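Number of protein chains: 2
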Amino acid sequence: MDGNGTRVLLVDDHRVLLDGLRAFLERQPGISVVGTAVDGLEALRIARDRMPHVVIMDVSIPGMNGIEATRRITAELKGIKVICLSMHSEKRFLAAALEAGAAGYLVKENSSEELVKAIRTVRQNMTYLSPTIAGTVVEDYIATRRSDSEASAFSTLTTREREVLQLIAEGRSTKEIAQRLRLSVKTISTHREHVMEKLGVRSLAGLTKYAIRQGLTSIEG
Amino acid sequence: MDGNGTRVLLVDDHRVLLDGLRAFLERQPGISVVGTAVDGLEALRIARDRMPHVVIMDVSIPGMNGIEATRRITAELKGIKVICLSMHSEKRFLAAALEAGAAGYLVKENSSEELVKAIRTVRQNMTYLSPTIAGTVVEDYIATRRSDSEASAFSTLTTREREVLQLIAEGRSTKEIAQRLRLSVKTISTHREHVMEKLGVRSLAGLTKYAIRQGLTSIEG
DNA sequence: CCGCCGAATCAGGGTTTCTCCGATACCCCC
DNA sequence: GGGGGTATCGGAGAAACCCTGATTCGGCGG
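Same order as they appear, the protein sequences are chains E and P.
Numbering-wise (the numbering used here), the first sequence opens with residue 43 and increments by one.
Numbering-wise (the numbering used here), the second sequence opens with residue 43 and increments by one.
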């Protein structure tokens with residue numbers, strides 16, 4: 043299936059959705075699933091290896107989040123189209139996803155037919171927004187812009203800084219983060235300090251709240 | 043497929059998962075999907091109409107939630123087995139689901155093979171818990187008891203502890219809190235530790251999120 | 001009355017993190 | 001080739017964390 047058809051990579055931390063989606067998509071003519079991943083790093087790795095045409099990316103995956111993964115994939119592997127999937131309650135990621143280079147966006151409430159449509163659309167170098175999204179684009183746009191200054195501060199964060207911020211907000215200790223990222227504790231500290239300075243925040247609590255507002259972590263756990 | 047095979051009804055508000063799962067399950071020998079529903083009422087209605095053997099029920103669906111739908115289906119339509127599906131972050135529904143009459147429980151992170159296993163298991167009148175769940179049943183039970191009745195855990199906090207928790211979540215340093223309350227830094231530490239222990243939380247980020255959920259502090263600032 | 005318990009207060013001491021400062025290395029761009 | 005941004009790490013003192021007690025006080029039951 044290398045000669046023709048659209049090669050798709052699926053990224054979601056819910057394997058049950060991964061399996062199901064794979065089964066569904068493989069029944070669609072001209073589409074083949076060339077891989078699946080459960081987190082951002084794996085997605086990046088597999089994308090490099092398999093070179094899919096399209097990546098279906100859940101925005102809220104653990105570790106490197108979907109937005110960040112989208113940013114990296116579209117930056118590093120030009121030509122690859124990323125379609126972001128989110129739950130309805132996470133629609134606020136829309137702007138971030140598009141800014142990160144996503145070529146399509148739909149919520150999971152949409153039918154899989156929508157997804158197929160999206161895949162075919164982005165393959166033609168067009169952007170696909172699901173009807174649900176498009177219909178509420180305006181109100182969402184306003185809601186998003188509400189934290190406009192904040193969003194811009196957010197975008198001044200570097201990739202690494204966002205990554206560290208997310209892990210902090212997930213409750214990981216400095217040492218844990220250092221081990222996970224194979225860095226010195228000092229490096230993590232430095233990143234944390236830079237994040238705090240850039241965001242004008244002075245406490246871990248503030249960082250956590252900020253991360254929640256930006257959708258980097260959930261309010262659960 | 044009325045004469046043999048397991049008749050399955052799928053309930054989830056994410057159509058993309060519905061479609062995918064349907065495609066996946068129909069490839070499994072001896073299983074046929076006889077219907078899908080996106081909310082609890084519809085699930086109940088279709089269950090009455092189609093009489094599936096097994097219902098795959100997302101716990102967090104809009105309207106009547108999955109737990110309530112499970113309760114009604116198992117109460118009204120005896121013999122029907124309900125398998126509850128949840129996201130990892132909703133594992134706390136485990137106890138409620140079982141209490142409501144669910145015969146199986148798995149998190150979406152599990153593979154679809156788990157789901158097939160679960161279906162076959164409950165068909166033999168046995169209870170199926172996914173490995174992820176079973177492995178952490180004990181700790182989760184505790185955590186569940188806590189977050190399930192998070193409010194009650196909250197009420198076990200003393201006045202002083204709530205006061206300290208609030209200040210922590212507002213981003214105050216230990217020293218600041220001590221000064222404001224005219225107490226020793228050590229006392230604040232002790233309170234913080236007690237709060238963490240009572241809430242089963244291990245990080246400042248976790249405390250902050252908890253305080254937000256309880257309305258002790260706002261997500262702003 | 002007295003023992004028990006929980007709440008609230010605090011200390012000691014080892015570990016970890018924070019904070020401020022500085023440094024190196026890389027890369028991109030002008 | 002210099003400048004700026006990014007990423008990485010170190011030192012050292014202060015602060016915070018974590019665990020183990022310990023004391024006081026008030027209520028409650030026997």
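Glycine included, every Cβ here is placed at the ideal spot set by N, Cα and C.
If you're wondering where the values come from, they're calculated on a predicted model, not measured in any experiment.
(message) Can you tell me which residues form a DSSP beta bridge with GLY77/P?
(response) Along the second sequence, read from residue 1 onward, the residue named residue 77/P stands at position 35. DSSP, once it has assigned bridges, lists LEU51/P as partnering GLY77/P.
(request) Have a look at the DSSP bridge pairing and note the partners of SER128/E. (result) Counting from one through the first sequence, the residue named residue 128/E turns up at place 86. According to DSSP, SER128/E shares a beta bridge with VAL149/E.
(request) Grab me the residues of THR178/E's own chain with a C-beta within less than 6 Å of its C-beta, minus the 5 sequence neighbours each way, in chain order. (result) Here residue 178/E refers to the residue found at position 136 of the first sequence. Low per-residue confidence applies at THR178/E: pLDDT is 46, beneath 50, and the placement is therefore not dependable, though the value from the model is reported in the following sentence. Answer for THR178/E: no residue qualifies.
(request) List the residues of chain P whose Cβ lies closer than 7 Å to the Cβ of ALA247/E, in chain order. (result) Walking along the first sequence from the start, residue 247/E turns up at place 205. Taking a Cβ-Cβ threshold of 7 Å, the residues of chain P close to ALA247/E are ILE210, ALA211, GLU212, GLY213, LEU246 and THR250, in chain order.
(message) Suppose contacts are defined by Cβ-Cβ distances below 8 Å. Is GLU68/E in contact with VAL75/E by that definition?
(response) Within the first sequence, residue 68/E is the residue found at index 26, counting from 1. Within the first sequence, residue 75/E is the residue found at index 33, counting from 1. Yes. Within cutoff.
(request) Jot down the residue ranges of each uninterrupted alpha helix (DSSP H) in the segment 223 to 251 of chain P, minimum 4 residues, whole runs only, in chain order. (result) The alpha helix (DSSP H) runs lying completely inside the segment 223 to 251 of chain P and spanning 4 residues or more are 227 to 241, given in chain order.
(message) Using only the alpha-carbon positions, how far apart do MET168/P and GLU118/E sit?
(response) Taking the second sequence and counting its residues from 1, one reaches residue 168/P at position 126. Taking the first sequence and counting its residues from 1, one reaches residue 118/E at position 76. Distance between the alpha carbons of MET168/P and GLU118/E: 49 Å.
(message) Here's a check: name, in chain order, each residue in its chain whose Cβ is nearer than 7 Å to the Cβ of VAL227/P, leaving out the five neighbours to either side.
(response) Within the second sequence, the letter at position 185 stands for residue 227/P. So the list reads THR216, LYS217 and ALA220, once near-sequence residues are dropped.
(request) Compare the Cα-Cα distances from LEU60/E to each of MET99/E, LEU136/E, GLY143/E and GLY146/E and report the closest residue. (result) By 1-based counting over the first sequence, the position of residue 60/E is 18. The residue with the shortest Cα to Cα distance from LEU60/E is MET99/E.
(message) Can you give me the C-alpha to C-alpha distance between PRO71/E and GLY213/P, rounded to a whole angstrom?
(response) Counting from one through the first sequence, the residue named residue 71/E turns up at place 29. Counting from one through the second sequence, the residue named residue 213/P turns up at place 171. For PRO71/E and GLY213/P, the distance between alpha carbons rounds to 55 Å.
(message) Could you check whether the Cβ of ILE65/P sits closer than 8 Å to any Cβ belonging to chain E?
(response) Along the second sequence, read from residue 1 onward, the residue named residue 65/P stands at position 23. Looking at the sequence itself, residue 65/P is Ala, so the reference to Ile does not match. True, the Cβ-Cβ gap to chain E drops below 8 Å.
(message) Does the segment 48 to 58 of chain E come into contact with the segment 49 to 58 of chain P, if we say contact requires no fewer than three beta-carbon pairs (one atom in each stretch) closer than 8 Å?
(response) By the Cβ rule, the segment 48 to 58 of chain E does not count as touching the segment 49 to 58 of chain P, because fewer than three pairs are nearer than 8 Å.
(request) Can you give me the Cβ contacts of VAL243/P inside the same chain, cut-off strictly under 7 Å, excluding the 5 residues immediately before and after it? (result) For the purposes of this step, residue 243/P is taken as the residue at position 201 of the second sequence. Excluding sequence neighbours, VAL243/P sits near LEU249 and TYR252.
(request) With a cut-off of 8 Å on the beta carbons, I'd call MET129/E and VAL149/E a contact; round off their distance for me. (result) Within the first sequence, residue 129/E is the residue found at index 87, counting from 1. Within the first sequence, residue 149/E is the residue found at index 107, counting from 1. Contact holds; Cβ gap of about 7 Å.
(request) Take the Cβ of GLU222/E as the centre, count every other Cβ of all protein chains shown within 10 Å, and call the residue buried at 16 or more, exposed below. (result) The count along the first sequence starts at 1 and reaches residue 222/E at position 180. A small fix is needed here, since residue 222/E is Arg in this sequence, not Glu. Exposed.
(message) I need the DSSP call for ILE184/P, collapsed to helix, strand or coil.
(response) In the second sequence, counting from the first residue as 1, residue 184/P sits at position 142. Residue placement at ILE184/P is poorly supported in this model, since its pLDDT is 39, which falls under 50; the coordinates are not used for a value here.
(request) Look at the Cβ atom of ALA65/E, then the Cβ atom of GLY62/P, and state whether they are nearer than 8 Å. (result) By one-based count along the first sequence, residue 65/E stands at place 23. By one-based count along the second sequence, residue 62/P stands at place 20. Taking 8 Å as the Cβ cut-off, ALA65/E and GLY62/P qualify as a contacting pair.
(message) To the nearest angstrom, how far is the alpha carbon of SER172/E from that of ARG165/E?
(response) Here the question's residue 172/E lines up with position 130 in the first sequence. Here the question's residue 165/E lines up with position 123 in the first sequence. CA-CA distance, SER172/E to ARG165/E, rounds to 16 Å.
(request) Taking only beta-carbon positions, decide if ARG69/P is within less than 8 Å of chain E. (result) Residue 69/P sits at position 27 when you count from the first residue of the second sequence. It does; some Cβ of chain E falls within 8 Å.
(request) Would you mind stating whether ILE73/P and ILE125/P have Cβ atoms separated by less than 8 Å? (result) For the purposes of this step, residue 73/P is identified with residue 31 of the second sequence, where counting begins at 1. For the purposes of this step, residue 125/P is identified with residue 83 of the second sequence, where counting begins at 1. No, they are not a contact pair.
(request) Spell out the partners DSSP gives MET99/E in its beta bridges. (result) Working through the first sequence from its first residue, we reach residue 99/E at position 57. Looking at the DSSP assignment, MET99/E forms a beta bridge with VAL53/E and CYS126/E.
(message) I'd like the span of the alpha helix (DSSP H) that includes VAL120/E, first residue to last.
(response) As a first step, residue 120/E must be located in the first sequence, where it is residue number 78. The residue you asked about is not Val; residue 120/E is Lys in the sequence shown. Bounds of any alpha helix (DSSP H) do not take in LYS120/E, whose DSSP letter is neither H nor E.
(request) Taking the CB atoms as reference points, tell me whether GLU142/E and ILE109/E lie closer together than 8 Å. (result) Residue 142/E sits at position 100 when you count from the first residue of the first sequence. Residue 109/E sits at position 67 when you count from the first residue of the first sequence. A small correction: the amino acid at residue 142/E is Ala; Glu does not occupy that position in the sequence shown. A contact, by the Cβ cut-off of 8 Å.
(message) List, in chain order, every chain E residue whose beta-carbon is nearer than 9 Å to that of VAL237/P.
(response) Along the second sequence, one-based indexing puts residue 237/P at 195. What VAL237/P touches in chain E: nothing, since even the nearest Cβ is about 13 Å away.
(message) I'd like to know whether the C-beta atoms of LYS123/P and HIS95/P end up nearer to each other than 8 Å.
(response) Against the second sequence, residue 123/P aligns to sequence position 81. Against the second sequence, residue 95/P aligns to sequence position 53. Cβ atoms of LYS123/P and HIS95/P: closer than 8 Å.
(request) Mind listing the chain E neighbours of ARG222/P? Cutoff is C-beta to C-beta under 8 Å, in chain order. (result) Here residue 222/P is taken as the residue at index 180 of the second sequence, counted from 1. Going along chain E, no residue has its Cβ under 8 Å from ARG222/P, so there is no contact; the nearest lies around 15 Å.
(request) Step through the CB atoms of chain P and report whether any lies within less than 8 Å of the CB of ILE254/E. (result) Translated into positions along the first sequence, residue 254/E becomes position 212. In terms of beta-carbon proximity, ILE254/E lines the interface with chain P, with at least one pair separated by less than 8 Å.
(request) With 7 Å as the C-beta to C-beta threshold (strictly closer), list the residues of the segment 145 to 160 of chain E near chain P in chain order. (result) The residues in question are LYS150, GLU151, ASN152, SER153, SER154 and LEU157.
(request) Determine which residues share a DSSP beta bridge with LEU140/E and list them. (result) Position 98 of the first sequence, counted from the first residue, corresponds to residue 140/E. Beta-bridge pairing by DSSP links LEU140/E to no other residue.
(request) Identify the contact partners of GLY62/E in chain P, using a Cβ-Cβ distance below 7 Å as the criterion. (result) Within the first sequence, the letter at position 20 stands for residue 62/E. Listed along chain P are LEU59, GLY62, LEU63, ALA65, PHE66 and SER154, each with a C-beta nearer than 7 Å to that of GLY62/E.
(request) List the residues of chain E whose Cβ lies closer than 9 Å to the Cβ of ILE230/P, in chain order. (result) The residue given as residue 230/P occupies position 188 in the second sequence. Under the 9 Å cutoff, chain E gives no residues; its nearest Cβ is about 14 Å from ILE230/P.
(request) Please list the residues of the segment 85 to 110 of chain P that have a C-beta atom closer than 8 Å to any C-beta atom in chain E, keeping them in chain order. (result) Residues: none.
(request) Would you identify the three-state DSSP class for LEU258/E, choosing helix, strand or coil? (result) Indexing the first sequence from 1 puts residue 258/E at position 216. In the structure shown, the three-state DSSP call for LEU258/E is coil.
(message) With H, G and I counted as helix, E and B as strand and the rest as coil, what does DSSP make of LEU199/P?
(response) If you number the second sequence from 1, residue 199/P lands on position 157. It is coil, neither helix nor strand.
(request) Determine the extent of the alpha helix (DSSP H) in which GLU212/E is found, giving its start and end residues. (result) What you label residue 212/E is simply residue 170 of the first sequence in a count that begins at 1. For GLU212/E, there is no enclosing alpha helix (DSSP H), as DSSP gives it neither H nor E.
(request) Give the interface partners of HIS56/P over in chain E, defined as CB-CB distance under 7 Å, in chain order. (result) Taking the first residue of the second sequence as position 1, residue 56/P is located at position 14. Under the 7 Å cutoff, chain E gives LYS150 and GLU151.
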